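Asks: Here it is: the structure, laid out below.
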Amino acid sequence: MATGAKRPKTDDENCVLDPLKNFLQWCDSVKLTLSDKVYLSKEGTVAEYGMLAKEDIEEGHVLFSIPREVLLHQATTKVKKVLEEGKKSLESASGWVPLLLGLLYEYTCPQSHWKPYLSLWPDFRTLDQPMFWSEEEREKLLKGTGIPEAVEMDLKKLQDEYNKIVLPFMKSHPDLWDPEKHTLELYKSLVAFVMAYSFQEPDEDEEEEKEPNPPVMVPMADMLNHISKHNANLEYTPECLKMVSVLPIEKGEEVFNTYGQMANWQLLHMYGFAESFPTNSNDTADIQMSSVYKAAVQAAQSEADQKLLVDKWNMCEMEIVGEEGVFVFGQSGCLTYSELYTTLKVLSMTVQDFEEFRENEGWEEDEEDEDDKMEQALSFDGLLGLSAEWKWLLHAAAALTLDSYSEDVETDRRQLEELSSRERRALHVRYGQKSILQRLQQLTKKS
1 MATGAKRPKT
11 DDENCVLDPL
21 KNFLQWCDSV
31 KLTLSDKVYL
41 SKEGTVAEYG
51 MLAKEDIEEG
61 HVLFSIPREV
71 LLHQATTKVK
81 KVLEEGKKSL
91 ESASGWVPLL
101 LGLLYEYTCP
111 QSHWKPYLSL
121 WPDFRTLDQP
131 MFWSEEEREK
141 LLKGTGIPEA
151 VEMDLKKLQD
161 EYNKIVLPFM
171 KSHPDLWDPE
181 KHTLELYKSL
191 VAFVMAYSFQ
201 EPDEDEEEEK
211 EPNPPVMVPM
221 ADMLNHISKH
231 NANLEYTPEC
241 LKMVSVLPIE
251 KGEEVFNTYG
261 QMANWQLLHM
271 YGFAESFPTN
281 SNDTADIQMS
291 SVYKAAVQAA
301 QSEADQKLLV
311 DKWNMCEMEI
321 VGEEGVFVFG
331 QSGCLTYSEL
341 YTTLKVLSMT
351 VQDFEEFREN
361 EGWEEDEEDE
371 DDKMEQALSF
381 DGLLGLSAEW
391 KWLLHAAAAL
401 TLDSYSEDVE
411 TDRRQLEELS
421 SRERRALHVR
431 YGQKSILQRL
441 QQLTKKS
């Protein structure tokens with residue numbers, strides 16, 4: 001029996017059946033050029049889509065080039081005019097609302113110019129940042145890392161943003177947005193999408209203080225995975241964006257971009273993954289300034305010492321450490337060395353020295369020489385040369401911080417095998433932080 005003629009597949013069906021092939025065809029149509037030396041794949045990569053070398057690639061090779069009109073942001077969406085007209089009412093703390101409204105429209109529009117690109121993420125299930133974990137999972141797996149607190153803040157902000165800014169704007173443009181379709185859940189997924197896949201163009205004039213450039217979606221560039229020891233880098237020119245190899249890349253090797261100098265807790269929070277210890281050379285651990293204060297309280301023996309400590313601490317809190325309230329340690333020592341050095345110096349002052357310090361509003365010393373001195377003193381190589389009092393404060397503060405995690409570092413080490421994906425990623429974050437803190441403890445313990 002003769003079969004009936006098959007109807008040609010629509011673009012929408014093609015997106016579903018072979019999203020990668022469809023995306024590459026779209027890239028050709030928009031003049032996004034891809035080198036013959038690389039290809040995209042889901043196999044042989046560290047996670048989901050990635051880019052691999054077909055042959056050996058020399059340093060400085062342009063892997064792909066993206067015309068600026070191919071970048072997806074509020075000014076390139078079909079609703080750009082409406083977004084521009086409503087600019088004033090769309091202002092928010094994040095600055096992301098216009099882009100997110102543009103994505104809400106384009107993601108759900110069957111005729112969208114960006115459909116072949118956005119179809120690479122059919123339901124955002126591959127996005128697995130901790131904002132999609134249950135509160136119980138975050139508390140169990142990430143306690144002490146700083147991620148649960150950051151996620152809680154994110155969720156509150158995005159819910160407020162959606163209810164107070166996005167929803168009223170959508171209701172005032174019912175021909176473009178529908179709250180039944182463009183829900184809070186979809187908005188949350190798109191926030192995660194922007195967190196994980198967007199790029200921010202660096203500002204050329206770093207000295208001038210102004211708002212950072214808004215995030216943009218960069219097709220093709222967002223397919224590359226990240227490691228701290230990356231072999232490619234995104235370059236910005238007035239006409240286009242180019243991904244350029246910064247190291248020789250061997251045939252079969254994955255091409256890695258960098259998302260910036262990011263610690264594991266930042267990678268997991270924003271992108272949903274973490275590098276295994278100790279491969280992330282940018283990994284850090286935070287010690288809350290309150291932990292240093294608690295350590296100092298333990299050492300204050302008399303009522304007069306405690307009263308003096310309160311005065312010292314108020315000065316440290318208001319004038320030295322600033323809003324962040326943390327001291328950051330990397331794999332070679334303290335990264336916020338100026339704040340920590342000054343805090344330790346103030347906390348160990350005699351009554352007379354502290355009064356002079358307060359009257360003079362600090363020290364009068366050569367800033368450059370002092371900066372080098374502080375950095376060296378609080379590097380892991382320099383800790384052994386600190387006074388016994390300073391070492392004790394750091395040792396006790398590290399101990400208090402380690403106590404804030406749900407498991408100790410030895411338990412984490414034993415758990416490295418036979419874990420779920422989320423458990424393993426959370427463990428990489430915890431283990432990296434604890435290893436840095438443990439090294440700090442070892443270098444500051446009594447000899």
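Residue numbering for the sequence shown follows UniProt numbering, beginning at 1 and increasing consecutively. Where a beta carbon is used, it is the ideal one built from N, C-alpha and C, also for glycine. Just so it is clear, the structure is predicted and the values come from calculations on it, not from any experiment.
Along the chain, which unbroken stretches of the alpha helix (DSSP H) at least 4 residues long are found entirely within the segment 49-103?
Replies: Listed in chain order, they are 80-85.
Asks: Take Q442 and list the residues in its own chain whose beta-carbon comes closer than 8 Å to its own, dropping the five residues that flank it on each side.
Replies: Around Q442: no qualifying Cβ.
Asks: At 4 residues or longer, and completely inside the segment 172-240: list those alpha helix (DSSP H) runs for me, N to C.
Replies: The qualifying runs are 184-197.
Asks: If the criterion is Cβ atoms closer than 8 Å, does the pair V255 and E59 meet it?
Replies: No, they are not a contact pair.
Asks: Pair every Cβ in the segment 286-298 with every Cβ in the segment 395-403, then say whether three or more of these pairs are closer than 8 Å.
Replies: Touching, yes, given that three or more Cβ pairs across the two stretches are closer than 8 Å.
Asks: Which one or two residues does DSSP pair with D286 in a beta bridge?
Replies: In DSSP, D286 forms a bridge with V328.
Asks: Can you tell me whether C27 is helix, strand or coil according to DSSP?
Replies: Correct three-state label for C27: helix.
Asks: What are the uninterrupted segments assigned as beta strand (DSSP E) that are 3 or more residues long and contained completely in the segment 240-308, given in chain order?
Replies: For the segment 240-308, whole beta strand (DSSP E) runs of length 3 or above, ordered along the chain, are 240-245, 254-257, 285-288.
Asks: Report the rounded CA-to-CA distance for A295 versus T145, giving the unit in angstroms.
Replies: The alpha-carbon atoms of A295 and T145 are separated by roughly 20 Å.
Asks: Examine the Cβ distances between the segment 225-239 and the segment 30-37 and report whether three or more of them are shorter than 8 Å.
Replies: With the cut-off at 8 Å, the segment 225-239 and the segment 30-37 do not touch.
Asks: Taking L309 as the reference, give the member of V297, L384, E317, E319 with the closest Cα.
Replies: Checking every option, the nearest Cα to that of L309 belongs to V297.
Asks: Write down the C-beta distance between G102 and T77 rounded to the nearest angstrom, noting that I regard them as a contact closer than 8 Å.
Replies: Contact flag correct, Cβ pair sits at about 4 Å.
Asks: Can you name, in chain order, every residue of its own chain whose Cβ lies under 8 Å from the Cβ of I147, other than the five neighbours on each side?
Replies: Cβ neighbours of I147 beyond the five flanking positions: P130, R138, W265, L268, H269, V429.
Asks: Do you know offhand how far P122's Cα is from L393's?
Replies: For P122 and L393, the distance between alpha carbons rounds to 52 Å.
Asks: Let me know if N280 comes out buried or exposed under the rule of 16 or more other beta-carbons within 10 Å of its beta-carbon.
Replies: The residue is buried, with at least 16 neighbouring Cβ atoms inside 10 Å.
Asks: Could you check which residue in A285, T411, Y117 has the C-alpha nearest to that of M217?
Replies: Comparing Cα positions, the closest option is Y117.
Asks: Taking just the CA atoms, how far does I66 sit from D366?
Replies: Confidence at D366 is low in this model, with a pLDDT of 47, below 50, so the placement of that residue should be treated as unreliable; the coordinate-derived value is given next. Their Cα atoms are separated by approximately 47 Å.
Asks: According to DSSP, L32 sits in a beta bridge with which residue or residues?
Replies: DSSP, once it has assigned bridges, lists no residue as partnering L32.
Asks: Among T336, C334, G333, V346, which residue has its Cα nearest to the Cα of W313?
Replies: The shortest C-alpha separation from W313 is found at V346.
Asks: Taking its Cβ as the centre, do 16 or more other Cβ atoms sit within 10 Å of T342, making it buried, or is it exposed?
Replies: Buried: at least 16 other Cβ atoms inside 10 Å.
Asks: Report the three-state DSSP secondary structure of D366 (helix, strand or coil).
Replies: Note that D366 has pLDDT 47, beneath the 50 cutoff, so the model's placement of it is unreliable and the number below is only indicative. Coil.
Asks: Who does L40 pair with in a DSSP beta bridge?
Replies: Looking at the DSSP assignment, L40 forms a beta bridge with M51.
Asks: Could you say if the segment 330-342 and the segment 299-306 meet the contact criterion of at least three C-beta pairs nearer than 8 Å?
Replies: The segment 330-342 vs the segment 299-306: no contact.
Asks: Please check the pair K37 and E55, which I expect to be a contact at CB under 8 Å, by giving their CB distance rounded to whole angstroms.
Replies: About 5 Å separates the two Cβ atoms, so the contact holds.
Asks: Taking the runs of the alpha helix (DSSP H) that are 4 residues or longer, which of them lie wholly in the segment 341-429?
Replies: You should have 351-360, 367-377, 388-403, 409-414.
Asks: Less than 7 Å between C-beta atoms, sequence neighbours within five positions excluded: which residues of the same chain meet that for E161?
Replies: So the qualifying residues of the chain are S92, S94, V97.
Asks: Note down, in chain order, each residue of its chain lying with its Cβ closer than 7 Å to the Cβ of D28, except the 5 sequence neighbours on either side.
Replies: Answer for D28: no residue qualifies.
Asks: Is DSSP giving C316 helix, strand or coil here?
Replies: Here C316 sits in helix by DSSP.
Asks: Between S338 and the rest of its own chain, which residues show a CB-CB distance below 7 Å, the 5 nearest in sequence each way excluded?
Replies: Hits under 7 Å: D371, M374.
Asks: Bridge partners of L333, per DSSP?
Replies: According to the sequence as given, residue 333 is Gly; it is not Leu. G330, S379.
Asks: Using a Cβ-Cβ cut-off of 8 Å (strictly less than) and excluding sequence neighbours within five positions of I320, which residues of its own chain qualify?
Replies: E339, T342, T343, V346, listed in sequence order.
Asks: Considering Cα atoms alone, identify which of M51, L90, F193 is closest to G252.
Replies: The candidate whose alpha carbon is nearest that of G252 is M51.
Asks: In this structure, does DSSP put G144 in helix, strand or coil?
Replies: Note: G144 maps to coil in three-state DSSP.
Asks: May I ask you to report which of helix, strand or coil DSSP gives D123?
Replies: If DSSP states are grouped into helix, strand and coil, D123 belongs with coil.
Asks: State yes or no: is the C-beta of Q352 within less than 8 Å of the C-beta of I436?
Replies: Their beta carbons are not under 8 Å apart, which means Q352 does not touch I436 by this criterion.
Asks: On the premise that Y105 lies in contact with W26, defined as a C-beta separation below 8 Å, what is that separation, rounded to the nearest angstrom?
Replies: Wrong, their Cβ atoms sit about 18 Å apart, outside the cutoff.
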